[in-house]
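> Protein chains in written order, with the working numbering: chain A, 597 to 805; chain B, 160 to 623. Backbone N, C-alpha and C define an ideal beta-carbon position, used for all residues, glycine too. Please read through the structure below; I'll follow up with questions.
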């Protein structure tokens, strides 16, 4: 089995990405979210409070995760609670033509369900921006080829339509990070791991003391 | 190195073509693969990973070392009893039933051990994945991955157990490896003597409201729980802490093995003292290990807590919150369906029944154990009779209401639940308002009909 996998070519992403599309700010104020879904871009400034602690239960509620194909693209954020309201309706994110999704602290907390970033990806989202991003959710994003960053200045570059080098999302390090992403819904980086399975540099440098 | 770093170093994949595993040391930031000892998944994830495998590797290819893979039918066993008629009509129940079937067929074809559904009269699961991994499989020093964020549960015996997504599980079936970046370690020291009505759940709700954790600075880190208040906890209670490392956002949580770990392995696995002690040997952090943060908690200052609806980080001492009437009390899940959790529910309920008290007439109280082993324990202890006598409904093992898929879920936005589960994100267990609390509080609140801080010997039922 491994022999056939070793012979397989692994595609790499190009060195830079264009991210055409709108930016969706997941704000605490439900009206601001609804306005964006209705086509009105938000002129975001730090004074506008973004939702913190968006769990994967809110991105894709448990009953949606019985699906695991691109049907999921109709559902991202269906459980998102803003104040006492749930501003996102079925299909509204996909229709909105968003390329980036932005929120506050602890994005993607909770369940390890890969359905969450997959639903976002199937709805057109290519980039997740948040103050910090939970570990499993971030890894799932990477494995699917959804870009993540905690650098809000990237949003200006998205809006201006310029080509953004992938290193902007990876900090330029990491042989197995986002540079080798796949659109096929699985991680070419881990595939590369199973082809090579030997770190290209010596890990576990000994400590001097 | 910290204990977590040591375990990762022992499992570091150096040269797979030579089968070379293990390096003398790792440090935070090192990237690579580690070889796993156990890989497990449940019916929410197995089917998607199985389809990846069949499509991208080959329909007749074999997974790598099926003997160290486990699968579980635990999340959706009771779904039919919880799904709303509208969703059934949309066809969602049929979609969900396919998940069970696909997992069962894949496990059978690959020769993978599946902890499945009960046969014969009873309805339920053999075990929740985390319950069974801890009771029957995890060993100190292992690396374990699971398709579930609460995989750190098994860290209670001093292993590195962490949750991963579908792609990582699928990939591990090919290689046995999993990719990681060595995390920094946070040390959480809980010192002092806790009050009798305070449990590991309260330790965690206290930790979850700590600014370091709430702001997300613990994300992706190894969390080492230590201090005399942790040392005095049983392995079951330690598992409540390591389990809720998921809510902390940590990579995993662990407690270094000690004499209690040895006793646990002897009791649960039938190991000799010598074998159990050998497994635990050298599994401790070095005195000069580096931590990115040390958080100190005084167990003596903690009071029974609740987390207000919406997030487990919304912790308050019960006394600080207003009086809340409850509709549902739920006592179960991986976090709160262990033997010691059952002891705690029973302790409150035994006292209540001696005073002639029963579950408040307006409350629906569900007790659900994590595994058949726990159920047998309840039978032996006479708990099942006791639970029935006070008016609680006992349920066979499953994740059930904790994943919005079983008896105990709320039906409307106004319903209030007091629950011993680990998280209360919006919609987690139905549309209602869910408060988290420790097992004593849940049982006491079921009797009182209001969220109640339990004290040994206190009368709970409101006078008629």
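Can you tell me where the alpha helix (DSSP H) holding residue 548(B) begins and where it ends?
542-549
> To be precise: take each residue of the region 476-499 of chain B, compare its Cβ to all Cβ atoms of chain A, and keep it if any distance is under 8 Å. Which residues remain?
From the region 476-499 of chain B, no residue has a Cβ closer than 8 Å to chain A.
> Roughly how many whole angstroms lie between the Cα atoms of residue 497(B) and residue 667(A)?
37 Å
> Please give me, in chain order, every unbroken run of the beta strand (DSSP E) with length at least 3 that falls completely inside the region 321-352 of chain B.
DSSP runs (the beta strand (DSSP E)) wholly in the region 321-352 of chain B: 336-340, 344-350.
> Return the first residue and the last residue of the alpha helix (DSSP H) that residue 405(B) is part of.
404-407
> Strictly under 8 Å for the Cβ-Cβ distance: is residue 451(B) near chain A by that measure?
no
> What are the partner residues of residue 464(B), as DSSP defines its beta bridges?
476(B)
> Under 8 Å between C-beta atoms, does residue 731(A) make it to chain B?
yes
> How close, in whole Å, do the beta carbons of residue 519(B) and residue 605(B) come, if the pair is a contact with beta carbons under 8 Å?
Confirmed, Cβ separation roughly 7 Å.
> Listing by chain order, which chain B residues have their CB less than 8 Å from the CB of residue 622(A)?
Chain B residues near residue 622(A): none, gap ~13 Å exceeds 8 Å.
> Any beta carbon from chain A within less than 8 Å of residue 199(B)'s own beta carbon?
no
> For residue 629(A), which three-state DSSP category applies?
Residue state, collapsed to three classes: helix.
> Going by DSSP, which residues form a beta bridge with residue 319(B)?
302(B)
> Can you find a CB in chain B that lies within less than 8 Å of the CB of residue 543(A)?
Residue coverage of chain A in this structure runs from 597 to 805, which leaves residue 543(A) outside it and unanswerable.
> Kindly list the residues whose CB is nearer than 7 Å to the CB of residue 420(B), restricted to its own chain and excluding five residues on each side of it in sequence; keep chain order.
299, 316, 317, 394, 439
> Residue 410(B) CB to nearest chain A CB: under 8 Å?
yes
> In three-state terms, what does DSSP make of residue 276(B)?
strand
> Determine, using beta carbons only, whether residue 584(B) comes closer than 8 Å to chain A.
So yes, residue 584(B) belongs to the interface.
> Which whole-angstrom value is the C-beta distance of residue 188(B) and residue 389(B), which I expect to be below 8 Å?
Between residue 389(B) and residue 188(B) the Cβ distance is about 28 Å, and since that is not below 8 Å, they are no contact.
> Check residue 160(B) in the structure and name its three-state DSSP category.
It is coil, neither helix nor strand.
> Distance check for residue 327(B) and residue 224(B), CA to CA, integer angstroms please.
16 Å
> Please report how far the alpha carbon of residue 236(B) lies from the alpha carbon of residue 211(B), in whole angstroms.
24 Å
> In chain order, what residues of the region 649-673 of chain A put their CB closer than 8 Å to some CB of chain B?
649, 651, 653, 654, 657, 658, 659, 661, 662, 663, 664
> How would you call residue 135(B), buried or exposed, if buried means at least 16 neighbouring beta carbons within 10 angstroms?
Outside the shown range of chain B (160 to 623) lies residue 135(B), about which nothing can therefore be said.
> Using the beta-carbon count (16 or more within 10 Å), is residue 279(B) buried or exposed?
When all chains shown are included, residue 279(B) counts as exposed.
> How big is the Cα-Cα spacing for residue 665(A) and residue 717(A)?
Inter-residue distance for residue 665(A) and residue 717(A) is about 11 Å (C-alpha atoms, whole angstroms).
> Any beta carbon from chain B within less than 8 Å of residue 687(A)'s own beta carbon?
Not closer than 8 Å to any Cβ of chain B, the Cβ of residue 687(A) fails to qualify, so no.
> Just by C-beta distance, which residues in the region 695-707 of chain A are closer than 7 Å to chain B?
Under the 7 Å Cβ criterion, the region 695-707 of chain A contributes 701, 702, 705, 706, 707.
> With a CB to CB cut of under 8 Å and the five nearest residues on each side skipped, what residues in its chain are close to residue 271(B)?
222, 225, 228, 229, 230, 265
> Determine whether the beta carbon atoms of residue 258(B) and residue 203(B) lie at a separation below 8 Å.
It is a contact, given that the beta carbons lie within the stated cut-off.
> Applying the 10 Å Cβ sphere with the 16-neighbour rule, what's the burial state of residue 281(B)?
exposed
> Between the Cα of residue 655(A) and those of 587(B), 599(B), 185(B), 591(B), spot the shortest distance and give me the residue it belongs to.
587(B)
> Using only the alpha-carbon positions, how far apart do residue 288(B) and residue 274(B) sit?
Taking the straight line from one Cα to the other gives about 8 Å.
> When the distance is taken between beta carbons, is residue 562(B) closer than 8 Å to residue 234(B)?
yes
> Check the Cβ of residue 379(B) against every Cβ in chain A and list those closer than 7 Å, keeping chain order.
731
> At a Cβ threshold of 8 Å, is residue 709(A) touching chain B?
Taking 8 Å as the CB threshold, residue 709(A) lines the interface with chain B.
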